[in-house]
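K.L.:
Below you will find the structure I want to go over with you.
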Amino acid sequence: TQYFLGRIEAGKHWNAYLDVSAHLSLEQASIADNILASGKAGPLTGVPIAHKDVFVTRGWKSTAGSKMLEGYLSPFDASVVENLGIPSEINPRGAGMVCLGKTNMDEFAMGSSNENSAYGPVLNPWNSAYVAGGSSGGSAAAVAAGLAPIATGTDTGGSIRQPAAFCSLTGIKPSYGRVSRYGMIAYASSLDQAGPMGKTAEDCALLLTAMSSHDPRDSTSLADSGEDYGRYLNQNWEASNTNPAKPLEGLRIGLPKEFFAEGLAQDVANAVNAAAKVMQDLGAQLVEVSLPKTKLSIPVYYVLAPAEASSNLSRFDGVRYGHRAKEYSDLSDMYKKSRTEGFGAEVKRRILIGTYVLCHGYYDAYYLQAQKIRRIIAADFQAAFDKCDVILGPVAPDVAWRLGEKSKDPLQMYLEDIYTLSTNLAGLPAMSAPCGFNKNNLPIGMQLIGNYFSEARLLQVAHQYQ
Ligand code: GLN
């Protein structure tokens, strides 16, 4: 913990952290020491971790990257923070990890580059002229720059996988419902899911095992979400296969043709194809599959996510908590001024879009239509999984872009999410793992998508590749 606190101090220029409180971390570390000394330690006891600022934490401020929640101190811990933290009476099963602090993020997790944070962008540790990705960019930069060994993230439409890809990390978004959303500041509740971001699939498996649990405080939390996600890591795909040179024999990897179409940078296509070849050499069989509605995932997501966001964000009215304008004439003026001052431009844009598509008169044309296509997208995945066990493709059309390069054009930024959105719409698990660098030495990530509840299998494939 002391080592990482020192690294955080020396690495402030990346802007990866929003709140650090050394004495709180050291307090937790000394409790973890006692647990270690008592012989009751688990695999993660005493390991430091950074939490995305979207998880509320006692002690550290919780802002979700917004001025709206500047200085906000939560009276309770999110379930994820509890599950991973020092065991307590509230949660005796806590994994005993030590919180290093809260990481920077796009405001309310809306963004793909961390440039929408009210507290400034995160710089990419591989090249500080480039973005770290988003919205979990602070978590990604913290781990990539060695300011934390591992971190939590959330993924509504790619926010774990894309920053992991941009910073050469491994990250997994589990099936919807695996990880409790209690205490996770809501963006789009039917899409939001938390997951780990670390150096390897093995690290992610350990963290995901400790993070996920059934939680009666989240009505969408699955009844049977507790399992050992690392149980297949060192096994061959087929239990009956004992050949150590062909661990992936029997695995059918589907390459969706729509993921390798125009718009994909050549360097990225080459790196992902090379990774496919490595897996083929390890025994896997490559098959072509089709996800015909891939392009529609962008308009569908950017109708549904803002619709849910406009509802979730209505709680920030200046009354119960969060920013309140200093001067106002009446109640409605107070709402108006508090929200005008507290929210950033992208958040306002999403609230406007969301409110519009939910309006009487437009509802059928936009929201309802998007819900229908969402079902078709989910069905397309099931058809693909008739032909393969795991889907492989790129995480993003290209590597990280230069700071400021896309921030003036929101539409261009939305297009960057083309390969990640559809899995959230379908609720499927998907992960990102490093698979090389482009000609400018920027990291490239590959994406592995599995059928519902196949996280342990995805991590197994990534581990065998790594
Ligand atoms: N880039 C997407 C958005 O802005 C996804 C963000 C996320 O997964 N939180 O909505």
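Residue numbers (the UniProt record's numbering): 26 to 491. In this text, a Cβ means the ideal position worked out from N, Cα and C, and glycines have one as well.
Suppose the cutoff is 8 Å on Cβ atoms and the five residues either side in sequence are ignored; what does the same chain contact list for residue 228 look like?
P.N.:
Here residue 228 refers to the residue found at position 203 of the sequence shown. Cβ neighbours of residue 228 beyond the five flanking positions: 174, 175, 195, 221.
K.L.:
Quick one: does the C-beta of residue 201 sit closer than 7 Å to a heavy atom of ligand 1?
P.N.:
Residue mapping note: residue 201 aligns to position 176 of the sequence shown, counting from 1. Incorrect: residue 201 has no Cβ contact closer than 7 Å to ligand 1.
K.L.:
Determine, using beta-carbon pairs with one atom in the stretch 315-331 and one in the stretch 369-382, whether at least three such pairs fall under 8 Å.
P.N.:
Yes: the two stretches touch, three or more of their Cβ pairs being nearer than 8 Å.
K.L.:
List the whole-angstrom C-beta distance separating residue 284 from residue 444, where the pair is believed to meet the contact cut-off of C-beta under 8 Å.
P.N.:
Mapped onto the sequence shown, residue 284 falls at position 259. Mapped onto the sequence shown, residue 444 falls at position 419. Residue 284 to residue 444, Cβ: 6 Å. Contact.
K.L.:
In whole angstroms, what separates the C-alpha of residue 77 from that of residue 40?
P.N.:
Taking the sequence shown and counting its residues from 1, the one referred to as residue 77 is at position 52. Taking the sequence shown and counting its residues from 1, the one referred to as residue 40 is at position 15. Rounded to the nearest angstrom, the two C-alpha atoms are 13 Å apart.
K.L.:
Identify whether residue 349 lies in helix, strand or coil by the three-state DSSP scheme.
P.N.:
Taking the sequence shown and counting its residues from 1, one reaches residue 349 at position 324. Note: residue 349 maps to coil in three-state DSSP.
K.L.:
Who pairs with residue 456 in a beta bridge, going by DSSP?
P.N.:
Locating residue 456 in the sequence shown gives position 431, where the first residue counts as 1. Looking at the DSSP assignment, residue 456 forms a beta bridge with 197, 473.
K.L.:
Under 7 Å from any heavy atom of ligand 1, does the C-beta of residue 180 make it?
P.N.:
Translated into positions along the sequence shown, residue 180 becomes position 155. Yes, the beta carbon of residue 180 sits closer than 7 Å to at least one heavy atom of ligand 1.
K.L.:
Just to confirm before moving on: does the CB-CB distance between residue 81 and residue 103 stay below 8 Å?
P.N.:
As a first step, residue 81 is located in the sequence shown; it is residue number 56 there, counting from the start. As a first step, residue 103 is located in the sequence shown; it is residue number 78 there, counting from the start. Their beta carbons are under 8 Å apart, which means residue 81 touches residue 103 by this criterion.
K.L.:
Rounded to the nearest angstrom, what separates residue 374 and residue 159 at their Cα positions?
P.N.:
Within the sequence shown, residue 374 is the residue found at index 349, counting from 1. Within the sequence shown, residue 159 is the residue found at index 134, counting from 1. Their backbone Cα atoms lie some 17 Å apart in a straight line.
K.L.:
Taking only the alpha-carbon atoms, compute the straight-line gap between residue 145 and residue 189 and give it to the nearest angstrom.
P.N.:
Along the sequence shown, one-based indexing puts residue 145 at 120. Along the sequence shown, one-based indexing puts residue 189 at 164. Whole-angstrom Cα-Cα distance: 19 Å.
K.L.:
Measuring alpha carbon to alpha carbon, tell me which of 448, 107, 168, 291 ends up nearest residue 208.
P.N.:
Within the sequence shown, residue 208 is the residue found at index 183, counting from 1. Of 448, 107, 168, 291, the residue nearest in Cα terms is 107.
K.L.:
For residue 115, count the other beta carbons within 10 Å of its own beta carbon; 16 or more makes it buried, fewer makes it exposed. Which is it?
P.N.:
Here residue 115 refers to the residue found at position 90 of the sequence shown. Counting Cβ neighbours within 10 Å, residue 115 comes out exposed, since fewer than 16 surround it.
K.L.:
Which residue from 358, 47, 153, 346 puts its Cα closest to that of residue 91?
P.N.:
Indexing the sequence shown from 1 puts residue 91 at position 66. For the residues 358, 47, 153, 346, the minimum Cα distance to residue 91 belongs to 346.
K.L.:
Could you give the distance in angstroms between the alpha-carbon of residue 148 and the alpha-carbon of residue 264?
P.N.:
The count along the sequence shown starts at 1 and reaches residue 148 at position 123. The count along the sequence shown starts at 1 and reaches residue 264 at position 239. Each residue's alpha carbon lies about 43 Å from the other.
K.L.:
Tell me which residues share the same chain as residue 94 and place their Cβ nearer than 6 Å to its Cβ, disregarding the 5 neighbours each side in the sequence.
P.N.:
As a first step, residue 94 is located in the sequence shown; it is residue number 69 there, counting from the start. Once the five neighbours on either side are set aside, the close Cβ partners of residue 94 are 88, 347.
K.L.:
Return the CA-CA distance between residue 105 and residue 47, expressed in angstroms with no decimal places.
P.N.:
Position 80 of the sequence shown, counted from the start, is the residue given in the question as residue 105. Position 22 of the sequence shown, counted from the start, is the residue given in the question as residue 47. Computed Cα separation, rounded: 21 Å.
K.L.:
Out of 440, 241, 85, point me to the one whose CA is closest to residue 288's CA.
P.N.:
By one-based count along the sequence shown, residue 288 stands at place 263. Measuring from the Cα of residue 288, the nearest candidate turns out to be 440.
K.L.:
Once DSSP output is grouped into helix, strand and coil, what is the label at residue 406?
P.N.:
Indexing the sequence shown from 1 puts residue 406 at position 381. In the structure shown, residue 406 sits in a helix (DSSP, three-state: H, G or I).
K.L.:
Going along the chain, which residues of its own chain have a beta-carbon closer than 6 Å to the beta-carbon of residue 363, five neighbours each way excluded?
P.N.:
Taking the sequence shown and counting its residues from 1, one reaches residue 363 at position 338. Closer than 6 Å at Cβ, skipping near neighbours: 343, 348, 349, 350.
K.L.:
Please indicate yes or no: does the CB of residue 91 lie closer than 7 Å to some heavy atom of ligand 1?
P.N.:
Looking up residue 91 in the sequence shown gives position 66. No.
K.L.:
Flag residue 184 as yes when its Cβ comes closer than 7 Å to any non-hydrogen atom of ligand 1, and as no otherwise.
P.N.:
Sequence index remark: in the sequence shown, residue 184 carries index 159 (1-based). Residue 184 Cβ: within cutoff of ligand 1.
K.L.:
Less than 8 Å between the CB atoms is what I'm expecting for residue 405 and residue 316, so what's the real figure, rounded?
P.N.:
By 1-based counting over the sequence shown, the position of residue 405 is 380. By 1-based counting over the sequence shown, the position of residue 316 is 291. Correct: roughly 5 Å between the Cβ atoms.
K.L.:
Rounded to whole angstroms, how far is the Cβ of residue 337 from the Cβ of residue 212, which I believe are closer than 8 Å?
P.N.:
Indexing the sequence shown from 1 puts residue 337 at position 312. Indexing the sequence shown from 1 puts residue 212 at position 187. Their Cβ separation, rounded to whole angstroms, is 7 Å, which keeps residue 337 and residue 212 in contact under 8 Å.
K.L.:
Using 8 Å as the cut-off, can you tell me whether the stretch 291-306 makes contact with the stretch 413-422, which would need three or more C-beta pairs spanning the two stretches below that distance?
P.N.:
Cβ pair count under 8 Å is three or more, so yes.
K.L.:
For residue 270, is the beta carbon positioned less than 7 Å from some heavy atom of ligand 1?
P.N.:
Translated into positions along the sequence shown, residue 270 becomes position 245. False, no ligand heavy atom lies under 7 Å from that Cβ.
K.L.:
Which residue comes first and which comes last in the beta strand (DSSP E) that contains residue 495?
P.N.:
Nothing in the structure corresponds to residue 495, since the chain is present only between 26 and 491.
K.L.:
Please determine whether the Cβ atom of residue 370 lies at a distance below 7 Å from any heavy atom of ligand 1.
P.N.:
Counted from its first residue, the sequence shown places residue 370 at position 345. No - ligand 1 has no heavy atom lying nearer than 7 Å to the Cβ of residue 370.
K.L.:
Say whether the stretch 453-464 touches the stretch 473-488, bearing in mind that this needs 3 or more beta-carbon pairs closer than 8 Å, one atom from each stretch.
P.N.:
Touching, yes, given that three or more Cβ pairs across the two stretches are closer than 8 Å.
K.L.:
Give the DSSP-derived three-state secondary structure of residue 385 in the structure shown.
P.N.:
If you number the sequence shown from 1, residue 385 lands on position 360. In this structure, residue 385 counts as coil in the three-state DSSP scheme.
K.L.:
Kindly indicate which three-state DSSP category residue 447 falls into: helix, strand or coil?
P.N.:
Position 422 of the sequence shown, counted from the first residue, corresponds to residue 447. If DSSP states are grouped into helix, strand and coil, residue 447 belongs with the helices.
K.L.:
Going by DSSP, what residue range makes up the beta strand (DSSP E) through residue 42?
P.N.:
Position 17 of the sequence shown, counting from 1, holds the residue named residue 42. Residues 42-44.
K.L.:
Looking only at its own chain, which residues have a Cβ that is under 7 Å from the Cβ of residue 353, when we skip the five neighbours before and after it?
P.N.:
Locating residue 353 in the sequence shown gives position 328, counting from the first residue. These residues qualify, in order along the chain: 359, 362.
K.L.:
In angstroms, rounded to a whole number, what distance separates the CA positions of residue 409 and residue 282?
P.N.:
The residue you call residue 409 lines up with position 384 of the sequence shown. The residue you call residue 282 lines up with position 257 of the sequence shown. If you take the alpha carbons of residue 409 and residue 282, they lie about 11 Å apart.
K.L.:
Compare the beta carbon distance of residue 127 and residue 43 with 8 Å and say whether it is the shorter of the two.
P.N.:
Stepping through the sequence shown from its first residue, residue 127 is reached at position 102. Stepping through the sequence shown from its first residue, residue 43 is reached at position 18. In contact: residue 127 and residue 43 (Cβ atoms closer than 8 Å).
K.L.:
Could you have a look at residue 378 and say whether DSSP puts it in helix, strand or coil?
P.N.:
Within the sequence shown, numbered from 1, the residue matching residue 378 stands at position 353. The answer is helix: DSSP assigns residue 378 an H, G or I state.
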